[in-house]
Structure formats: C-alpha cells, structure tokens
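2 protein chains.
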Amino acid sequence: MRLTRAAEYAIRCMLYLSRQGQGVLTSRQEIAQQADIPTHFLAKIAQDLAKAGLIEIRQGARGGFILRKNPAAITLLEVVETMIGEISLNDCIARPAGCKVSYHCAVHRVWLDARDQLRNTLRQVNFEQLITDASCFLPSLHMPLEPKRLETIVSSRTDPQ
Amino acid sequence: MRLTRAAEYAIRCMLYLSRQGQGVLTSRQEIAQQADIPTHFLAKIAQDLAKAGLIEIRQGARGGFILRKNPAAITLLEVVETMIGEISLNDCIARPAGCKVSYHCAVHRVWLDARDQLRNTLRQVNFEQLITDASCFLPSLHMPLEPKRLETIVSSRTDPQ
DNA sequence: AATATATGAGACCTTATTAATCCTATTTAT
DNA sequence: ATAAATAGGATTAATAAGGTCTCATATATT
C-alpha cells in the first residue's frame, strides 16, 4: 500500500468538509485554498469521493461540495480506500494470481494479518474524532481549537512500542 | 510504504538461505533459479543484504552467498527495511518537513500509530518461524526441507551451469 | 602463472505510476 | 442571456520501479 498524494488531499478535503458540517455547501476554490490542494486536482479527487457517496457535487454558479454523511460515520479507512483501492501491503496479496505459491506460504499469511490489522486500525478512526483536534491546515488559516489529546481517539487500541 | 519487488525477492532469498542453514554457501545462480529471481537483480539485492550484515558474499569461482546470522535472529522487519528503508505509511511521516502542520495533526498521529503497529508485527516474525512451514518456492523446484551440509554442497557442484 | 568461473558495482534503459494541468462541455443562479 | 462554477477526458511532466548490460575484481583449479 502506498498513500498517494491524491489520498492525502482527499483526507484534507474531507477534514475540511467535516469541520463545515454535514450538508454545508463549500466551494471547491475555498477548499483548495484552505487545505492547500491544487484546484484542478481536487476536482478529480472530488469525483471519486462523490462516486463513493461521501460528498455531493453541485455544479453551476454557487456550486461546490457538500458532505453527505455524518463525520462520525466516515472512517479514515473509507476515505483512503476510496482513493487507492483496498489496502494491501504487497502485490502477492493484491494479485495472488501472480504469486505461484501464495496458498501455502507463511510469509503470505503474515502480510495478510498485517494488512487486516492496519485496515482495522484505520477503520476505528472517524472524522468526528479527527476534527476534534486535527489541524491539518495552516495554523493561520484554521479555526481555534482546544488542544485535545489524540490518545482518547486511539485509546481502544494497544499502544505500540 | 510499498513492498517493492526487490524486497519480495530479498525475502525469498533469505528464506532460501535460511533453509540451507547458517554458514552454508549457496551460489547466486542456484538461489536465483530456485527462488525465481532475475540473476542480475539478485546481485544488486544481495549487496544490500550484505551491507546490512545479513549475508556474506564470496566472490570468485565457487562463489555465492552465505547466511551470517541464525534464522531465528533475523526478523521480517529487518529484511524488509533493509530493502525499502524504514517503513512509513505516508510522506507526511517520512518527510515531516514537507508537511506544514504535522506537529499538531490528529491524522498524523494515526499514521504514526499505524506505522508502529505494522513495524511491531513484522518485528515479531523471524525466519526460523517462516521456514518451518513456508514454501515460497515452486513445489516442483524446491528441495527437501533438511538443510544441506557444506560438504554435500561442495561435492555436488560438479554439475554444469 | 594462466585460465575459467563467479560475483561487484554502477551505469543505463524501459516501463509504469503518480501528479498535475489543460481544454471544452455542462450546469445553475441571477 | 450571462456569468460563475464544476465535469470529464486528454495530455504532459516528473518520479520511481524493474530489469539489463558491461567492465572490473576476486578465487579455485590446473
């Protein structure tokens, strides 16, 4: 798996829309500017997000994007996989046909497990949690926030290291 | 992070050498053939493995590669990161300088945690465990599971190629 | 010492993917 | 009707991956 720039932008876009709130219309220009995303690139990304049902796109004058779901109902995994497809850590998992021995390979199993673990982690994070303390925008641009700790967000998981 | 082909080949190579056993010399040709790795590509990969102290390379006639550590002491993480560098799931983590807001970004924290989790998972797997039941070679190609002794290898090297 | 064999190291090429941009069409508020 | 905004596909640019080639170097064998 590789988090592409498109995926990073998508996350930023969804974060911004989540801040605005479900159902609020925001112009592409504003999002692009505030979240530091190339405008044209954002247009393409938005199409994927719209296909996935995450946002609605309004054309025409006073057009823009609208968050269609409650931020709490949108997981990080959902947004990521909308952009890059189902996560898999290696080709052997993504295209088992290309691997002659995947069926009875111990390494294969490890990658499968690791992938599941990663997907579960990302699935446990939703955008309501993220906007509570996320500031993936320039400090000068984003609105004031209480500096809450993320530990509350990920506390259900075992702390690594 | 992206598991490149070079990393997959490196794992196969290390698996093969682990089967042979620590200290056993095996020719590059044999490994390449048995583990289905382009010979020249394997040469390049081996250099990285050697730099990391995982194998020793013998040049000259009857040259080849030798496993320098006990398979039980070699983790999957070690081999993977030798090939692709320290694992990180997105650029924001790998090159924080490029991300203007990484310090106080909740998403950033999630990626950090996910990365640590993944690295820990891969760190818990060693090559002794893997060879116990791994068969990442073609069933028809790979040899019996008992590791060869050095004498056996040297004396049976009369066959051409 | 000479020769054959095997790998070292890095340059080089080819292809694939990513990232971004451009242009024309379409939609919608006023 | 007009202006404002996005749609959607084509195109380009940059980067990285995967693999190959060549010459240099090391070593066993005779």
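These protein sequence lines map, in sequence, to chains D and R.
Numbering follows our numbering, with no gaps: position 113 of the first sequence is 113.
Numbers given in our numbering equal positions in the second sequence, counted from 1, plus 161.
In this text, a Cβ means the ideal position worked out from N, Cα and C, and glycines have one as well.
Contact under 8 angstroms by Cβ, R276 (chain R) with I235 (chain R): The residue given as residue 276 (chain R) occupies position 115 in the second sequence. The residue given as residue 235 (chain R) occupies position 74 in the second sequence. For the pair R276 (chain R) and I235 (chain R), the CB atoms are not nearer than the 8 angstroms cut-off.
Using a Cβ-Cβ cut-off of 8 angstroms (strictly less than) and excluding sequence neighbours within five positions of L54 (chain D), which residues of its own chain qualify? In the first sequence, residue 54 (chain D) corresponds to position 54, counting from 1. Excluding five sequence positions before and after L54 (chain D), the CB atoms of its chain that fall closer than 8 angstroms to its own CB belong to M14, L67, R68, K69, I74, E78, V79, T82, given in chain order.
Counted within 10 angstroms of its Cβ, other Cβ atoms place H108 (chain D) as buried (16 or more) or exposed: Residue numbering aside, residue 108 (chain D) sits at position 108 when the first sequence is read from its first letter. Its Cβ being crowded by 16 or more others within 10 Å, H108 (chain D) is buried.
Label V185 (chain R) either buried or exposed according to how many other C-beta atoms from any shown protein chain fall within 10 Å of its C-beta, with 16 as the threshold for buried. Mapped onto the second sequence, residue 185 (chain R) falls at position 24. Taking a 10 Å sphere around the C-beta of V185 (chain R), we find 16 or more other C-beta atoms and assign the residue as buried.
Which same chain residues end up closer than 7 angstroms to E30 (chain D) when comparing Cβ atoms and leaving out the 5 residues on each side of it in sequence? Looking up residue 30 (chain D) in the first sequence gives position 30. Result list for E30 (chain D): empty, nothing under 7 angstroms.
Kindly give me the distance between the Cβ atoms of F226 (chain R) and T200 (chain R), rounded to whole angstroms, as I take these residues to be in contact under 8 angstroms. Position 65 of the second sequence, counting from 1, holds the residue named residue 226 (chain R). Position 39 of the second sequence, counting from 1, holds the residue named residue 200 (chain R). Contact doesn't hold; Cβ gap of about 12 angstroms is too wide.
Within a Cβ cutoff of 8 angstroms, which residues of the same chain sit near S179 (chain R), ignoring the five residues on either side of it in sequence? On the second sequence, position 18 is the one that residue 179 (chain R) refers to. Contacts found: L228, P232, I235, F288, E289, L291, I292.
Terminal residues of the continuous beta strand (DSSP E) containing R219 (chain R)? For the purposes of this step, residue 219 (chain R) is taken as the residue at position 58 of the second sequence. Residue range 216 to 219 is occupied by the beta strand (DSSP E) that includes R219 (chain R).
Do I206 (chain R) and A167 (chain R) come within 8 angstroms of each other at the CB atom, strictly closer than that value? Counting from one through the second sequence, the residue named residue 167 (chain R) turns up at place 6. Counting from one through the second sequence, the residue named residue 206 (chain R) turns up at place 45. Cβ atoms of A167 (chain R) and I206 (chain R): closer than 8 angstroms.
Return the residue from the list D:Q20, D:R2, D:A10 that minimises the CA-CA distance to I37 (chain D). Stepping through the first sequence from its first residue, residue 37 (chain D) is reached at position 37. Of the residues D:Q20, D:R2, D:A10, the one whose Cα lies closest to the Cα of I37 (chain D) is D:A10.
List the residues that DSSP assigns as beta-bridge partners of G225 (chain R). Position 64 of the second sequence, counting from 1, holds the residue named residue 225 (chain R). Looking at the DSSP output, G225 (chain R) sits in a beta bridge with R:R219.
Would you tell me roughly how many angstroms separate the C-alpha atoms of E8 (chain D) and G182 (chain R), rounded to the nearest one? Position 8 of the first sequence holds residue 8 (chain D). Position 21 of the second sequence holds residue 182 (chain R). If you take the alpha carbons of E8 (chain D) and G182 (chain R), they lie about 44 angstroms apart.
Take L89 (chain D) as the anchor and find which of D:Q117, D:G63, D:R62, D:C105 has the nearest alpha-carbon. Within the first sequence, residue 89 (chain D) is the residue found at index 89, counting from 1. Ranked by Cα distance from L89 (chain D), the options D:Q117, D:G63, D:R62, D:C105 are led by D:Q117.
Are the C-beta atoms of M175 (chain R) and some chain D residue less than 8 angstroms apart? As a working note, residue 175 (chain R) is residue 14 in the second sequence. Not one chain D Cβ lies under 8 angstroms of M175 (chain R).
For the putative contact between L76 (chain D) and V271 (chain R), defined by C-beta atoms under 8 angstroms, what is the C-beta separation to the nearest angstrom? Sequence index remark: in the first sequence, residue 76 (chain D) carries index 76 (1-based). Sequence index remark: in the second sequence, residue 271 (chain R) carries index 110 (1-based). Rounded, the Cβ-Cβ distance is 6 angstroms, consistent with contact.
From the DSSP secondary-structure annotation, give me the bridge partner or partners of N126 (chain D). Stepping through the first sequence from its first residue, residue 126 (chain D) is reached at position 126. Partner(s): D:T75.
In whole angstroms, give me the CA-to-CA distance for R2 (chain D) and Q47 (chain D). Taking the first residue of the first sequence as position 1, residue 2 (chain D) is located at position 2. Taking the first residue of the first sequence as position 1, residue 47 (chain D) is located at position 47. One alpha carbon belongs to R2 (chain D), the other to Q47 (chain D), and they sit about 20 angstroms apart.
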